[in-house]
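Student: All the letters of the sequence shown, read from the start, carry residue numbers 46 to 250 under my numbering.
For each residue, glycine too, the CB sits at the ideal point set by N, CA and C.
Below are the structure tokens for one structure; questions will follow.
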Amino acid sequence: MPTDDEMSTDWGDTRGRLFQALTGRRGADVSGAGSNMRGMLLAAFGASRRDPSKPDTAAAAKGLGVSQRTVQRWLAPSTRQHQRPKPATVQKLTTKARQAATTKTGRARALAQVAAARGLPSGGFRVGVTGYQGLELDPSYARVRHVPFDLDSPELTQGFLNAYVQGGEKGAMGWLTKNVDEIYGVDRWEFGRIDSIDVTGLHGR
46 MPTDDEMSTD
56 WGDTRGRLFQ
66 ALTGRRGADV
76 SGAGSNMRGM
86 LLAAFGASRR
96 DPSKPDTAAA
106 AKGLGVSQRT
116 VQRWLAPSTR
126 QHQRPKPATV
136 QKLTTKARQA
146 ATTKTGRARA
156 LAQVAAARGL
166 PSGGFRVGVT
176 GYQGLELDPS
186 YARVRHVPFD
196 LDSPELTQGF
206 LNAYVQGGEK
216 GAMGWLTKNV
226 DEIYGVDRWE
236 FGRIDSIDVT
246 GLHGR
């Protein structure tokens with residue numbers, strides 16, 4: 046029998062996973078916890094063009110009203126010239142990082158930055174979801190599995206992205222369930238616990 050954990054979706058975790066998958070900002074922290082400096086900078090200001098694993102310190106400096114060198118000191122190891130940001134700055138950054146995934150404006154801006162930096166696909170992409178899911182959340186069919194949802198037309202691609210901008214993670218996953226007949230060939234689908242989300246076809250992958 047499935048557990049309560051398998052049957053329910055943790056939307057907070059799904060929010061972060063989907064944001065990372067769509068933006069390519071691996072390690073971005075949109076939780077609002079306020080403790081992951083690198084993750085929050087990635088979420089709020091995007092990645093460096095030179096090294097996608099590192100935050101864009103120039104954009105962060107401009108957005109937070111400090112020097113680029115100051116941002117670099119925040120990220121420096123404690124054994125080097127590390128500097129702690131002021132509490133007010135941490136709060137400002139925490140809010141910006143959270144809003145990147147929790148507001149329409151933030152989500153639209155994040156996708157626009159992806160489009161400007163790397164380009165969004167015109168021919169479609171694949172959304173892979175790993176977790177407890179099936180035609181219905183019934184133990185006779187639902188189980189932990191990886192399912193690839195192919196959005197192989199401009200209409201499907203734009204529909205999914207619009208659903209994400211307008212409704213966040215709930216809007217995007219709801220859009221998949223509503224359009225599952227066209228993109229997966231079954232008449233219904235339900236998600237329980239979501240363990241991971243990957244998007245391939247974006248960013249040249």
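1. Just mark Ala187 as buried or exposed, buried being the case when its beta carbon has 16 or more other beta carbons within 10 Å.
2. Can you round the beta-carbon distance between Gly176 and Asp240 to whole angstroms, since I take them to be within the 8 Å contact cut?
3. Taking the C-alpha atoms as reference points, what is the distance between Arg70 and Arg129?
4. So which of Asp226, Val172, Val231, Asp183 has the shortest CA-CA distance to Glu214?
5. Can you check whether the CB of Ala104 is closer than 8 Å to the CB of Ser112?
6. For Thr245, tell me which candidate among Leu109, Asp197, Gly237 has the shortest Cα-Cα distance.
7. Between the beta-carbon of Ala89 and the beta-carbon of Lys99, is there less than 8 Å?
8. Helix, strand or coil for Thr245? Go by DSSP, reduced to three states.
9. What residue range does the beta strand (DSSP E) around Arg251 cover?
10. Whole-angstrom Cβ separation of Gly57 and Ala73, contact assumed at under 8 Å?
11. Could you have a look at Ala92 and say whether DSSP puts it in helix, strand or coil?
12. Between the alpha carbons of Leu63 and Asp55, how many angstroms are there, rounded?
13. The alpha helix (DSSP H) spanning Leu67 covers which residue range?
14. On the DSSP bridge list, what partners appear for His191?
15. Output the distance between the C-alpha atoms of Gly151 and Gln117, rounded to the nearest integer angstrom.
16. Quickly, what does DSSP pair Val236 with across the bridge? List them, please.
Tutor: With the structure as the only source:
1. Within the sequence shown, residue 187 is the residue found at index 142, counting from 1. Classification for Ala187: buried.
2. To locate residue 176, count along the sequence shown from 1; it is residue 131. To locate residue 240, count along the sequence shown from 1; it is residue 195. Between Gly176 and Asp240, the beta carbon gap of about 5 Å places them in contact (Cβ cut-off 8 Å).
3. Counting from one through the sequence shown, the residue named residue 70 turns up at place 25. Counting from one through the sequence shown, the residue named residue 129 turns up at place 84. Rounded to the nearest angstrom, the two C-alpha atoms are 23 Å apart.
4. Walking along the sequence shown from the start, residue 214 turns up at place 169. The shortest C-alpha separation from Glu214 is found at Val172.
5. Translated into the one-based positions of the sequence shown, residue 112 becomes position 67. Translated into the one-based positions of the sequence shown, residue 104 becomes position 59. Not a contact, by the Cβ cut-off of 8 Å.
6. Position 200 of the sequence shown holds residue 245. Closest option to Thr245, Cα to Cα, is Asp197.
7. Reading the sequence shown from its first residue, position 44 is the one you call residue 89. Reading the sequence shown from its first residue, position 54 is the one you call residue 99. Against a cut-off of 8 Å, the Cβ pair of Lys99 and Ala89 comes out as no contact.
8. Against the sequence shown, residue 245 aligns to sequence position 200. Reduced to three states, the DSSP call for Thr245 is strand.
9. With the chain covering 46 to 250 only, the question about residue 251 has no answer from this structure.
10. Along the sequence shown, read from residue 1 onward, the residue named residue 57 stands at position 12. Along the sequence shown, read from residue 1 onward, the residue named residue 73 stands at position 28. Actually they are not in contact, since the Cβ atoms of Gly57 and Ala73 sit about 14 Å apart, beyond 8 Å.
11. Taking the sequence shown and counting its residues from 1, one reaches residue 92 at position 47. Strand.
12. The residue you call residue 63 lines up with position 18 of the sequence shown. The residue you call residue 55 lines up with position 10 of the sequence shown. About 12 Å.
13. Residue mapping note: residue 67 aligns to position 22 of the sequence shown, counting from 1. Start and end: 56 to 68.
14. Translated into positions along the sequence shown, residue 191 becomes position 146. Paired residues: Thr175.
15. One-based indexing of the sequence shown puts residue 151 at position 106. One-based indexing of the sequence shown puts residue 117 at position 72. So the alpha carbons of these two residues sit roughly 24 Å apart.
16. The residue given as residue 236 occupies position 191 in the sequence shown. Per the sequence shown, residue 236 should be read as Phe rather than Val. Answer is Gln178, bridged to Phe236.
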